[in-house]
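Reviewing the structure listed below.
Number of protein chains: 2
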Amino acid sequence: MSKIAVMGYGTVGSGVVEVLLTNQASIAKRAGEAVDIKYVLDLRDFPGSVIEDRLIKDFDIIKNDPEIDIVVETMGGINPAYQFVKACLCEGKSVCTSNKELVAKYGPELLAIARKNNINFLFEASVGGGIPIIRPLNQSLTADEIEEITGILNGTTNYILTKMRDEGSDFSDVLHKAQELGYAERNPEADIEGYDACRKIAILTSLAYGQQVDFEDIYTEGITKITAEDFKYAAKINATVKLFGTSKMVNGKVLAMVAPVMIKSTHPLYSVDDVFNGIYVRGNMLGEVMFYGKGAGKLPTASAVVADVVDAVKHKGKSIMTIWSEEKQEILPFDEAEHRFFVRIKDSEGIIEKAEAVFGKLEMIDAGIEGEHAFITEIMTEKEYREAAGRIQGIISMIRTDF
Amino acid sequence: MSKIAVMGYGTVGSGVVEVLLTNQASIAKRAGEAVDIKYVLDLRDFPGSVIEDRLIKDFDIIKNDPEIDIVVETMGGINPAYQFVKACLCEGKSVCTSNKELVAKYGPELLAIARKNNINFLFEASVGGGIPIIRPLNQSLTADEIEEITGILNGTTNYILTKMRDEGSDFSDVLHKAQELGYAERNPEADIEGYDACRKIAILTSLAYGQQVDFEDIYTEGITKITAEDFKYAAKINATVKLFGTSKMVNGKVLAMVAPVMIKSTHPLYSVDDVFNGIYVRGNMLGEVMFYGKGAGKLPTASAVVADVVDAVKHKGKSIMTIWSEEKQEILPFDEAEHRFFVRIKDSEGIIEKAEAVFGKLEMIDAGIEGEHAFITEIMTEKEYREAAGRIQGIISMIRTDF
């Protein structure tokens with residue numbers, strides 16, 4: 329029997345306990361032995377709950393108990409999660425976490441400790457909730473050189489964009505409704521500004537290329553400037569707007585960004601709607617694969633954490649995550665990134681000719697919206713776009729495209 | 329360095345060689361050591377090819393060479409693949425195969441030998457080509473009790489059905505064109521009669537529930553009776569027709585079948601078109617996930633085989649596939665399976681009333697096709713449907729629905 333400790337009895341932590349208790353028998357079968365929750369660490373009390381008699385408030389009890397060889401971290405945030413996780417790994421205890429901030433910031437350091445001690449630091453739940461993506465990247469797509477990973481990695485923003493498209497509503501109205509329904513947090517900044525997606529694409533990119541990509545180095549733009557009008561134009565060309573976290577290999581460097589992107593209906597992620605997440609991976613041999621599912625939620629996320637626990641039990645004494653060194657991955661300067669740009673501009677005398685003079689050939693889109701024009705440029709770099717846009721008056725907004 | 333042998337230099341086997349040579353450096357990094365192809369076994373000659381000097385015709389050379397500890401089997405079929413694979417495993421050599429017939433028929437026996445010898449029998453490429461599904465089922469979805477696996481598992485039939493829908497063409501015309509384009513084989517029976525999908529869903533079902541499901545026990549119906557008219561009716565209710573391989577847990581028994589199924593546009597597999605495969609899995613904790621990609625083709629399939637080779641190198645001395653016993657999984661008698669049925673019936677005096685008398689309440693669909701009617705029944709068992717259909721004249725065709 330394996331005895332484990334769960335640190336943090338919030339949404340995901342209590343989900344982990346629920347999954348372990350509900351599927352006890354099938355989990356024991358797959359792990360090869362029973363998995364027993366010996367401690368739950370939380371500063372709060374949970375009188376009457378199923379874990380009442382296992383609740384502890386002192387981390388040292390876990391650290392110093394030689395019976396515990398696997399620890400689940402579902403506290404979130406950096407402090408004290410980082411200190412606790414590191415202490416566990418240094419004591420030779422495997423750790424399974426759902427904490428994307430922790431993994432994005434300290435992943436390679438914690439993996440290196442795990443490797444040295446022949447234990448495991450696993451974090452399937454840190455990206456895509458219940459969708460298996462970390463393990464496939466680490467163990468299934470190993471024959472390929474990864475050319476691109478693009479994901480709809482944040483359910484809240486995908487829900488908001490889907491509603492904006494379907495109902496023709498504006499961003500702030502939908503956000504407000506999403507907050508009422510509990511789909512968006514009271515303080516939604518981490519989601520709507522793209523910070524959450526940024527941590528996740530940093531993790532995926534680091535794993536895909538085997539070297540550290542710092543999330544601070546990834547160009548990140550949220551969805552707050554997207555409007556109902558943008559969706560009207562998109563609909564005219566059989567397209568929509570999604571918040572993508574994306575990384576692509578371009579001339580041996582990695583282009584990484586989080587930004588709203590206009591995509592056509594032929595894109596594999598086009599029909600990933602509402603709170604669902606989708607992750608598209610292109611390999612040089614494999615071609616395209618996509619993974620789809622609920623990217624958040626108590627039980628889906630807990631299911632991924634527990635799958636890591638099962639792996640940790642099965643692989644005692646052997647480190648199975650291998651490819652993520654602390655060495656830095658070279659990042660393409662964002663100025664050199666190339667796209668076609670969707671641009672809206674205020675109507676004025678000779679504005680189309682002026683736009684053509686600075687942007688070159690334009691693909692015009694008419695959505696019947698008065699007082700403005702919209703077009704898609706040819707392929708140009710971010711720098712070229714910025715310089716061109718600086719030479720003309722009246723630009724309302726811009727969205728990068730993926731076609 | 330790991331030295332391997334490849335048995336069978338056909339489409340997939342030559343793809344395996346190409347993947348190993350093209351991505352040599354990244355594969356070595358992920359495997360932890362270089363992977364060298366020492367032998368290629370094939371009865372044919374390949375003068376001038378890259379493997380000319382490694383080509384052998386005698387299997388015993390592989391079997392008796394202690395330097396070879398991993399063997400790739402890409403010959404296909406049962407004989408002599410079964411004898412060769414078994415001999416390799418008995419000699420303590422891990423085997424990676426793309427051979428779905430072999431895995432469906434002898435999977436648990438070969439896995440048991442691998443387990444006993446602390447080596448690996450791996451078969452990611454046997455289902456879904458390059459889509460990771462075997463490893464996710466074995467290693468990622470381990471916290472869940474699987475409630476359903478449904479897949480579009482055969483690219484040829486999905487291509488045919490997609491063209492029939494998009495072009496309004498009949499089955500035989502599209503099949504003929506697909507054969508000309510090389511998307512369908514000259515002898516297309518294994519695809520269009522559902523036999524290929526049947527082997528694949530047998531493998532997935534056995535893995536999901538940990539016990540053997542014989543493919544002979546799975547109700548299997550192909551797409552040869554699907555017509556252009558069926559798609560006209562489907563379009564009227566925002567639906568389409570797909571060939572599903574499906575297994576569901578129903579009251580502790582497994583309902584397994586391969587059949588054309590009418591699905592609505594809200595189904596996660598609705599937009600899996602052309603030669604693409606999609607596999608939908610529902611777990612009791614996880615909810616719904618879906619895996620999508622090219623289910624066949626030289627390099628995608630080879631990529632999956634080589635990922636298995638990487639895993640075999642990384643796990644020398646440890647058997648990693650665990651849950652598939654030779655014990656038989658109890659199967660729900662197909663007569664007890666429940667669906668709503670889409671039925672077309674010839675027009676005649678009072679036919680609607682007669683149909684209601686035998687089938688109960690009907691949801692009529694009008695696609696403007698003369699001389700017939702179409703409807704969807706309430707939920708009923710296969711047996712109830714068959715008995716009701718026996719009591720009425722003029723039924724043109726029937727398709728099961730998934731709504």
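Taken in order, these protein sequences are the chains called F and H. Residues in the first sequence are numbered from 329 upward in steps of one, following the working numbering. Residues in the second sequence are numbered from 329 upward in steps of one, following the working numbering. Note that CB positions come from ideal geometry on N, CA and C, so glycine has one too.
Please report the straight-line C-alpha distance between residue i and residue j, rounded to a whole angstrom.
i	j	result
residue 443 of chain F	residue 712 of chain H	59 Å
residue 655 of chain H	residue 429 of chain H	19 Å
residue 544 of chain H	residue 705 of chain H	29 Å
residue 697 of chain F	residue 548 of chain F	29 Å
residue 583 of chain H	residue 529 of chain H	11 Å
residue 661 of chain H	residue 371 of chain F	53 Å
residue 373 of chain F	residue 385 of chain F	9 Å
residue 336 of chain H	residue 427 of chain H	11 Å
residue 615 of chain F	residue 459 of chain H	10 Å
residue 684 of chain H	residue 692 of chain H	11 Å
residue 470 of chain F	residue 434 of chain F	23 Å
residue 452 of chain H	residue 574 of chain H	19 Å
residue 417 of chain H	residue 441 of chain H	7 Å
residue 501 of chain F	residue 561 of chain F	20 Å
residue 436 of chain H	residue 390 of chain F	40 Å
residue 509 of chain F	residue 598 of chain F	24 Å
residue 750 of chain F	residue 727 of chain F	Nothing about residue 750 of chain F can be read from this structure; chain F reaches only from 329 to 731.
residue 559 of chain H	residue 492 of chain H	8 Å
residue 419 of chain H	residue 405 of chain H	22 Å
residue 741 of chain H	residue 666 of chain H	Any answer about residue 741 of chain H is impossible in this case: the structure gives chain H only from 329 up to 731.
residue 535 of chain H	residue 367 of chain F	32 Å
residue 499 of chain F	residue 594 of chain H	25 Å
residue 412 of chain F	residue 362 of chain F	25 Å
residue 364 of chain H	residue 395 of chain H	11 Å
residue 568 of chain F	residue 331 of chain F	48 Å
Got a sec, what are the start and stop residues for the alpha helix (DSSP H) residue i sits in?
i	result
residue 414 of chain H	409 to 418
residue 536 of chain F	523 to 537
residue 711 of chain H	710 to 718
residue 629 of chain F	626 to 642
residue 342 of chain H	339 to 350
residue 518 of chain H	517 to 520
residue 686 of chain F	679 to 687
residue 396 of chain F	Per DSSP, residue 396 of chain F belongs to no alpha helix (DSSP H); it is in the beta strand (DSSP E), 396 to 401.
Helix, strand or coil for residue i per DSSP?
i	result
residue 431 of chain F	helix
residue 478 of chain F	strand
residue 595 of chain H	coil
residue 610 of chain F	strand
residue 492 of chain F	helix
residue 540 of chain H	strand
residue 728 of chain H	strand
residue 511 of chain F	coil
residue 561 of chain F	helix
residue 660 of chain F	coil
residue 438 of chain H	helix
residue 451 of chain F	coil
residue 445 of chain H	coil
residue 651 of chain F	coil
Along the beta strand (DSSP E) that carries residue i, what are the first and last residues, could you check?
i	result
residue 374 of chain H	Where residue 374 of chain H is concerned, there is no enclosing beta strand (DSSP E), given that its DSSP letter is neither H nor E.
residue 577 of chain F	567 to 578
residue 674 of chain F	669 to 674
* Asked: Quick one: any contact between the segment 481 to 496 of chain H and the segment 596 to 605 of chain H, if contact means 3 or more CB pairs under 8 Å?
  -> yes
* Where the segment 405 to 425 of chain H meets chain F: residues whose CB sits under 7 Å from a CB there -> none
* To do: Identify each residue in the segment 350 to 365 of chain H for which the Cβ-Cβ distance to at least one residue of chain F is less than 8 Å, and report them in chain order.
  => 350, 351, 354, 355, 357, 358, 359 and 360
* Asked: What residues from the segment 622 to 634 of chain H come within 9 Å of chain F, judged by C-beta to C-beta, listed N to C?
  -> 622, 625, 627, 628, 630, 631, 632, 633 and 634
* When Cβ atoms are compared, which residues of the segment 450 to 479 of chain H fall closer than 8 Å to chain F? -> 452, 458, 459, 460, 463, 464, 467, 468, 469, 470, 471, 472 and 473
* Counting Cβ pairs closer than 8 Å, one from the segment 618 to 638 of chain H and one from the segment 614 to 624 of chain F, do we hit at least three? -> yes
* Asked: Between the segment 340 to 357 of chain F and the segment 625 to 640 of chain F, do three or more beta carbon pairs fall short of 8 Å?
  -> yes
* Quick check: the segment 465 to 479 of chain H against the segment 604 to 616 of chain H, are there 3 or more CB pairs under 8 Å? -> yes
* To do: Return the residues of the segment 658 to 673 of chain H that lie within a Cβ-Cβ distance of less than 9 Å from chain F, sorted by chain order.
  => none
* Asked: Which residues, in chain order, does the segment 675 to 688 of chain F contribute to contact with chain H at a C-beta distance below 7 Å?
  -> none
* **Residues, ordered as in the chain, of the segment 528 to 543 of chain H that lie near chain F by beta-carbon distance below 9 Å** => 538
* To do: Quick one: which residues of the segment 689 to 708 of chain H get their C-beta closer than 8 Å to a C-beta of chain F? List them in chain order.
  => none
* Taking a cut of 8 Å between CB atoms, which residues from the segment 600 to 625 of chain F lie near chain H? -> 611, 612, 613, 614, 615, 616, 617, 618, 619, 620, 621, 622 and 625
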